[in-house]
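All residue numbers for the sequence shown refer to the numbering used here, where the first residue is 226 and numbers rise by one.
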Amino acid sequence: MWRSPVSAHGWGSWGRRFKSCHPDFFFTFVIMKKLILILIPLLLFNSCSELTNDETNAPNIILITLDGVRWQEVFNGIDLELIENKKFTKNSELLNQMFFDENQKIRQQKLLPFFGNYIDNYGLLIGNNDEESSIKLTNDQLFSYPGYNEILTGFADSSITSNNKIYNKNQTILELLNNNQNYSGQVAAFCSWDVFPYIINDKRSGVPVSAGYSNLEKNKLSKLESFIDVYQKMMPLFRYNVRYDLFTHILSMEHIKNTHPKFVYISYDETDSFSHDGSYDNYISSLHNTDKMIEELWIYLQQDSFYKDNTYMFITTDHGRGDGDFSNSMWTSHGSGVEGCENTWLAVLGPGIKNKEIEKGKYYVNQIAPTIAKLAGISIKDSRAGSPILIN
Ligand SMILES: [Zn+2]
226 MWRSPVSAHG
236 WGSWGRRFKS
246 CHPDFFFTFV
256 IMKKLILILI
266 PLLLFNSCSE
276 LTNDETNAPN
286 IILITLDGVR
296 WQEVFNGIDL
306 ELIENKKFTK
316 NSELLNQMFF
326 DENQKIRQQK
336 LLPFFGNYID
346 NYGLLIGNND
356 EESSIKLTND
366 QLFSYPGYNE
376 ILTGFADSSI
386 TSNNKIYNKN
396 QTILELLNNN
406 QNYSGQVAAF
416 CSWDVFPYII
426 NDKRSGVPVS
436 AGYSNLEKNK
446 LSKLESFIDV
456 YQKMMPLFRY
466 NVRYDLFTHI
476 LSMEHIKNTH
486 PKFVYISYDE
496 TDSFSHDGSY
506 DNYISSLHNT
516 DKMIEELWIY
526 LQQDSFYKDN
536 TYMFITTDHG
546 RGDGDFSNSM
556 WTSHGSGVEG
566 CENTWLAVLG
576 PGIKNKEIEK
586 GKYYVNQIAP
596 TIAKLAGISI
606 KDSRAGSPIL
616 IN
């Protein structure tokens, strides 16, 4: 360990030694000593004021979305009709082995152990339509860009009618927080789908967005981030514009561990891609894996003193899907013509969440960003925004 000359010898002996060298040098030394004595309290004061800034206690917030995951699986586990349908499920034996139980609660816990056990015990799970709990989209498009806009801005925008790469004219909660003194420069997004730089409007907002196969600034990558940057495209490509969720997960974890941002948005996408392909096996497998990733992140956050006991986690989806194998409500699909896909779900973890009673009730997706804003000590000014959910 490096030891400073001050602690090694004390000022006294240094002074005596310099005095015996040269008188001018001695006076310079005395002035330096005085300067340092003045500077030390100033430096201490400065670091104290930085500490005070941190101690505004502005909470850390992690927002996670899983694209197009149905409330049906979140609360009931695997769908008993879809696993028997050979058109959608290729290996029903495996899915039965891993996730089947007669009891709905046990099925939920088998498919989503973190949701079904931990979040159900310590957090909030809203959206179980079988139990007088719902959270619905207010946009009438019922597909991704309009859904993400609603989650992230707190209001539906009827002018968003496609998933095209158009820079969002609305400010998301990421941009609002990046403009706030308690969060500025400490906001980042990791997204599997490559449209997110446009939804978040990374150019205007200044929020770094790693999306699709792009990464954050190449010259600042850690060893692990560089590894993923090189090898992520060497996996069999399942969508040219969607990165595997595992890579998105690892990149977000690495960034959180190395830089301790105060607001992170993580967007997983595989579930929607596999559903559109009509693969119930892969949809279920991806959903199960995402539950593990979220658990891994939450366990990490509770071990890191920066995040422990001062971090909220919101988990939700951009739209539901159809209810089964029906022409008007096909599970593989979503959109304005598909019955039931306006129903989504919301999970919340964080300090002081006690009132499980609020799980029962009718909520809307446009309340999510206002709830986050309230926790962060800001408000969303747009008159179209929903009201915050009173989570604690
Ligand atoms: Zn979607």
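Ideal placement from N, C-alpha and C gives every residue a C-beta, glycine not left out.
From a predicted model like this one, the values you see are computed outputs, not experimental measurements.
Item                                                                                                                                                                  : Value
Phe619 and Ile519: beta carbons closer than 8 Å?                                                                                                                      : This structure cannot speak to residue 619, because the chain is shown only from 226 to 617.
Give the C-beta separation of Ser358 and Gly586 to the nearest angstrom, bearing in mind that I take them to be a contact with Cβ-Cβ under 8 Å.                       : 7 Å
What ranges does the alpha helix (DSSP H) occupy inside the stretch 271-348, keeping only unbroken runs of at least 4 residues that lie completely in it?             : 296-301, 317-324, 329-336
Just how far apart, CA to CA, sit Lys624 and Asp516?                                                                                                                  : As shown, the chain starts at 226 and ends at 617. That puts residue 624 outside it, with no answer to give.
Let's test the definition: count the other Cβ atoms within 10 Å of the Cβ of Glu564 and tell me whether it reaches 16, buried, or not, exposed.                       : exposed
Is the beta carbon of Leu522 closer than 8 Å to that of Glu479?                                                                                                       : no
Where in the stretch 411-497 do unbroken runs of the alpha helix (DSSP H), each at least 4 residues long, occur, reported from the N-terminal end onward?             : 421-424, 427-430, 448-456, 470-484
Classify Asn568 as helix, strand or coil using the three-state DSSP reduction.                                                                                        : strand
Taking C-alpha atoms, which residue in Glu442, Ile605, Pro461, Lys335 lies nearest to Asn514?                                                                         : Lys335
Which residues in the same chain as Asn353 place their Cβ atom closer than 6 Å to its Cβ, once the five residues preceding and following it in sequence are excluded? : Phe300
Taking C-alpha atoms, which residue in Gly547, Asp534, Ile540 lies nearest to Gly575?                                                                                 : Asp534
In angstroms, rounded to a whole number, what distance separates the CA positions of Ser561 and Ser317?                                                               : 31 Å
With a threshold of 7 Å on Cβ separation, who are the neighbours of Phe463 within its own chain once the five nearest residues in sequence on each side are excluded? : Ser498
Just grab the DSSP bridge partners of Gly577 for me.                                                                                                                  : Beta-bridge pairing links Gly577 to no other residue.
Identify which residue in Val455, Ser604, Gly348 has its Cα closest to the Cα of Ile540.                                                                              : Gly348
Got a sec: does ligand 1 put a non-hydrogen atom nearer than 7 Å to the Cβ of His544?                                                                                 : yes
Could you pull the start and end residues of the alpha helix (DSSP H) that Ser558 belongs to?                                                                         : Ser558 -> no alpha helix (DSSP H), and no H or E assigned at all.
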